[in-house]
Each structure stands twice: as C-alpha cells, then as structure tokens.
Amino acid sequence: MSFGKLLLPPLLALGLSACVNLGGKVPPSMLVLTPATVVAGGTLQRGAAKDALVILIPEVPRKLETNRVPVQIDGSNIAYLQDAVWADKPARLIQMLLMETISAKNNRMVLNQVDAGGKAEHYLAGALLEFGVDATRNEAVVIYDAVRLQNGKEVEKKRFEARSTVLEIKPGAAGSALNNAANVVANDIAAWLAAPA
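Taking this note's numbering, the leading residue of the sequence shown gets 2, the next gets one more, and so forth.
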C-alpha cells in the first residue's frame, strides 16, 4: 500500500472536522422575524434610485451586538436567554422587517444602501434601543428611534415602542412575542412614513 493511500483517511477526517462545529451546544432552532405584511410574489416596482427609500441598518447598544436574546432581570442586570439564538443579528433582522413591511404597506420601492448606489435622497436611519425580554413584567420589548432624512427637508425623529406578553421566558415564547412587538413597530413606522413629511 502506498504512503499516499495511508494518509488519505486521516486527511479526509481532518477536512470534515473543519466543516463541522464540534464545540459548543447547537440550539435546537433559530429565531427569525416574520413580517405580518409582505409584498406579493411577482410584484414589480420601477423608478429612479433617487426616489427610493433606503433603510439603513440601525445602531444598537452593545447588549444587542449579538445573536442572543437579552433578558432584563432587574433595573441594573441582564442575562441572555438560554438556547435562544437569532438567525441573524437584531439590527439586520429589523432592517429586513422594515424593508418588507414599508414596501408592502406603502407600495413604495425600498432599497438597502448598497442597492441604492448612493443615489437615493430619502433615508430611514435609527437606533434599535431595546429588543429583548423584560422579566420583571413578562413582556417582550422593542424600542426603535426612527430618523427620517430627506434632501432639502428638516430631519424628523420619532420613538416607536411596542410590548407583547411573554407567556413563559423560553426561546419559543420569547421569539413569538418579540416578533409580534417588532411587527407593531414596523407597521407604526410605515404609517408614519406614509404621512407627508
């Protein structure tokens, strides 16, 4: 048997181990945000990039720079909910939820910054301040400071907040309640943007 054939099985095993995460506990499922209102399949939107609304990824505090779900234990302490993991970071999930909701409800072309290519004149920026569970009230809490920016007009800033009851502080219930609260915020922002600036 050649030396190459003897090396082949260990090398294959080494390559496989590089693709498989052998460390840490893998969560049974991952949490996502599901828009309550979606753009219908086959919908075509056309227009100049300058007229599109660009949704920027919101700023977040350090506690939300993770895929985990923060739980406010008391006035000065948080923990992360065991086995509760988002499929993406909260800032990106909220951006995608806002893009879908605003496009569907306002029948407007909504783009991200890359797709707009620097030509847009209408922006929605903001800060996602809270996106977690308040254990003292058994509530999911979403707080978003939205900033409307449009060339030639005054800047507008408005705070949006929604709370949803968490039946039990476990991944499934927390994820469902946060999804409900996030959709309320997204719907309220869409209505705000639909009003004349």
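C-beta: ideal position from N, C-alpha, C; glycine also.
Remember, predicted model here, so these are calculated numbers, not experimental data.
- Within a 10 Å sphere around the beta-carbon of VAL143 sit 16 or more other beta-carbons, which makes this residue buried.
- Taking the CA atoms as reference points, GLU162 sits about 20 Å from TYR124.
- Ranked by Cα distance from SER30, the first of ARG63, ASN68 and ALA50 is ASN68.
- Note that the stretch 83-93 touches the stretch 50-62; at least 3 beta-carbon pairs, one per stretch, sit closer than 8 Å.
- Given a length threshold of 3 residues, each whole run of the beta strand (DSSP E) inside the stretch 122-151 is given here in chain order: 123-135 and 140-151.
- In this structure GLU157 is exposed. Its beta-carbon is surrounded by fewer than 16 other beta-carbon atoms within 10 angstroms.
- Pairwise C-beta distances place the stretch 72-81 in contact with the stretch 124-142, as three or more of them are shorter than 8 Å.
- Pairing VAL115 with SER177, the inter-Cα distance amounts to about 30 Å.
- Going by beta carbons, VAL55 and ALA121 fall inside the 7 Å limit.
- One Cα belongs to SER165, the other to TYR145, and the distance between them is close to 15 Å.
- Rounded to the nearest angstrom, the gap between the Cα atoms of LEU194 and GLY43 is 24 Å.
- Between ALA128 and VAL167, the gap from beta carbon to beta carbon reaches 7 Å or more.
- Of the candidates PHE132, VAL40 and ASP52, the residue whose Cα lies closest to the Cα of LYS64 is PHE132.
- For the 7 Å CB-CB criterion, PRO197 and LEU98 do not form a contact.
- For ASP189, the enclosing alpha helix (DSSP H) begins and ends at 172-195.
- With 16 or more other Cβ atoms inside 10 Å of its own Cβ, LYS106 counts as buried.
- The alpha carbon of ILE170 has as its nearest neighbour, out of ILE190, GLN96, VAL70 and VAL39, the alpha carbon of VAL70.
- Nearest to LEU82 by alpha-carbon distance, out of LEU32, LYS154, ILE103 and GLY153, is LEU32.
- The C-alpha of LEU112 is placed about 12 Å away from the C-alpha of ARG47.
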